[in-house]
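What follows is one structure encoded as structure tokens, with my remarks underneath.
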Amino acid sequence: MTRRSRHGRARPDDRPAAAGASAAKSDAPVIALHGVVKSYGIGDGAVHALRGVDLVVERGDYVAVMGSSGSGKSTLMNIIGCLDVPTDGRYLLDGLDVGVMDERRLSLVRSRRIGFVFQSFNLIPRTSALANVALPLAYAGVRGRERRKRALAALAHVGLADRVDHHPNELSGGQQQRVAVARALVTAPALLLADEPTGNLDSRSTDEVLGIIDRLNDAGRTVLVITHEAEVAERAKRVLRLVDGRVVEDRRQAAVDGPPPALAAAAAPVGVRR
Ligand SMILES: Nc1ncnc2c1ncn2[C@@H]1O[C@H](COP(=O)(O)OP(=O)(O)O)[C@@H](O)[C@H]1O
Ligand SMILES: [Mg+2]
Numbered sequence: 001m002t003r004r005s006r007h008g009r010a011r012p013d014d015r016p017a018a019a020g021a022s023a024a025k026s027d028a029p030v031i032a033l034h035g036v037v038k039s040y041g042i043g044d045g046a047v048h049a050l051r052g053v054d055l056v057v058e059r060g061d062y063v064a065v066m067g068s069s070g071s072g073k074s075t076l077m078n079i080i081g082c083l084d085v086p087t088d089g090r091y092l093l094d095g096l097d098v099g100v101m102d103e104r105r106l107s108l109v110r111s112r113r114i115g116f117v118f119q120s121f122n123l124i125p126r127t128s129a130l131a132n133v134a135l136p137l138a139y140a141g142v143r144g145r146e147r148r149k150r151a152l153a154a155l156a157h158v159g160l161a162d163r164v165d166h167h168p169n170e171l172s173g174g175q176q177q178r179v180a181v182a183r184a185l186v187t188a189p190a191l192l193l194a195d196e197p198t199g200n201l202d203s204r205s206t207d208e209v210l211g212i213i214d215r216l217n218d219a220g221r222t223v224l225v226i227t228h229e230a231e232v233a234e235r236a237k238r239v240l241r242l243v244d245g246r247v248v249e250d251r252r253q254a255a256v257d258g259p260p261p262a263l264a265a266a267a268a269p270v271g272v273r274r
């Protein structure tokens with residue numbers, strides 16, 4: 001692409017889609033939460049799902065969020081994904097203050113900058129894998145032929161080139177989740193959010209889906225994955241632990257700008273320990 005900013009420099013969102021990012025301010029962290037509080041209800045009956053979360057996530061990081069049921073993980077992901085708004089505090093996404101955006105802006109931000117993967121796949125039944133993956137492009141106003149081309153490429157990327165005409169009920173759980181991952185990446189979002197993506201998968205499908213997520217991170221996407229499972233968290237570069245709406249642990253396992261741990265291990269020469 002050759003679009004340039006007024007100053008003649010290539011803008012960050014002019015990078016090829018495969019490299020994965022569309023950022024407003026390339027120097028700003030992808031995610032910056034400042035004192036984020038989320039409460040449901042008021043007074044004595046209020047539930048405090050998040051009690052003041054400060055969190056900065058750099059571009060290219062791969063963050064696992066762990067914590068027991070009810071600790072606030074999904075609430076955190078919904079706020080980061082602009083599906084919900086904080087009760088208090090600030091959230092900057094790519095340096096842009098989400099708090100001042102109206103619903104129309106928010107839905108644009110969601111569809112252009114963020115890809116979502118859920119535990120239960122959330123595919124549309126009786127609709128081909130291809131049509132499921134192409135749907136976000138239809139919302140984004142991409143034309144029919146281009147939609148088909150990009151959706152086919154995304155399905156090939158997750159190893160499902162030979163299943164594009166299958167409906168969800170004709171696919172295994174692992175294949176359905178790979179369709180969901182293809183749908184999440186077809187718009188080339190800079191940020192991939194996954195809430196228990198392997199919660200409904202057997203161990204082989206878990207490995208396949210995590211391998212794809214590893215490679216997406218290695219290609220430059222920022223990944224935030226919510227998980228109960230230690231084997232999922234092991235693959236992240238950074239692990240956060242939530243207890244009762246607060247971040248109580250923040251542990252780095254690998255450098256932001258290096259490969260994710262599983263890929264680094266696979267690339268290490270035999271006998272060399274990392
Ligand atoms: N829409 C809601 N209304 C009321 N309480 C909610 C709502 N969503 C979540 N909660 C409460 O907020 C807390 C955190 O929930 P959640 O973020 O779903 O936790 P997790 O994903 O870690 O299991 C829980 O106590 C939950 O019951
Ligand atoms: Mg949850």
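Quick note on UniProt numbering: the sequence shown kicks off at 1 and runs consecutively.
Backbone N, C-alpha and C define an ideal beta-carbon position, used for all residues, glycine too.
Check                                                                                                                                                  : Outcome
Counting only the same chain and skipping the five closest in sequence on each side, list residues whose C-beta sits under 7 Å from that of Gly67.     : Lys73, Arg241, Leu242, Val243
Do the CB positions of Val209 and Gly174 come within less than 8 Å of each other?                                                                      : yes
Starting from Thr222, trace the beta strand (DSSP E) in both directions and tell me its first and last residue.                                        : 222-226
Whose C-beta lies closer than 7 Å to the C-beta of His34 among residues of the same chain, with five residues either side of it excluded?              : Asp54, Gly89, Arg90
Are the CB atoms of Ala182 and Ala154 nearer to each other than 8 Å?                                                                                   : yes
I think Ala151 touches Ala134, with their Cβ atoms under 8 Å apart; what is that distance to the nearest whole Å?                                      : 4 Å
Could you tell me the distance, in whole angstroms, from the CA atom of Pro197 to the CA atom of Ala262?                                               : 17 Å
Look at the alpha carbon of Gly211 and the alpha carbon of Asp102, and state the distance between them as a whole number of angstroms.                 : 36 Å
Alpha carbon to alpha carbon, how far is Thr187 from Val109? Give it in angstroms, no decimals.                                                        : 12 Å
Helix, strand or coil for Arg143, going by three-state DSSP, please let me know.                                                                       : coil
Apart from the five residues just before and just after Glu58, which ones in its own chain have a Cβ nearer than 6 Å to its Cβ?                        : Pro29, Val256
Let me know if Gly70 comes out buried or exposed under the rule of 16 or more other beta-carbons within 10 Å of its beta-carbon.                       : exposed
So for Lys237, helix, strand or coil by DSSP?                                                                                                          : coil
In terms of residues, what are the limits of the beta strand (DSSP E) holding Leu193?                                                                  : 191-195
Who are the near neighbours of Ala254 in its chain, counting only those whose CB is closer than 6 Å to its CB and skipping five residues on each side? : Lys237, Pro261
Would the C-beta of Thr87 count as close to ligand 1, meaning under 7 Å from any of its heavy atoms?                                                   : no
On the DSSP letters alone, give me the boundaries of the alpha helix (DSSP H) that Leu171 sits inside.                                                 : Element bounds for Leu171: n/a, residue is neither H nor E.
Cβ-heavy atom distance between Ser74 and ligand 2 below 7 Å?                                                                                           : yes
Based on Cα-Cα distance, which residue from Ser172, Asp61, Val179 lies nearest to Ala156?                                                              : Val179
So what does DSSP say about His157, is it helix, strand or coil?                                                                                       : helix
What does Met66 pair with, by DSSP beta-bridge criteria?                                                                                               : Arg241
Quick one: grab the DSSP three-state call for Arg126.                                                                                                  : coil
DSSP three-state call for Glu249: helix, strand or coil?                                                                                               : strand
Residue range of the beta strand (DSSP E) that Ser52 falls in?                                                                                         : First, the amino acid is wrong: residue 52 is Gly here, not Ser. Run containing Gly52: 47-57, per the beta strand (DSSP E) assignment.
Check whether the Cβ atoms of Ala194 and Val247 sit closer than 8 Å, and answer yes or no.                                                             : no
State yes or no: is the C-beta of Tyr40 nearer than 7 Å to some heavy atom of ligand 1?                                                                : yes
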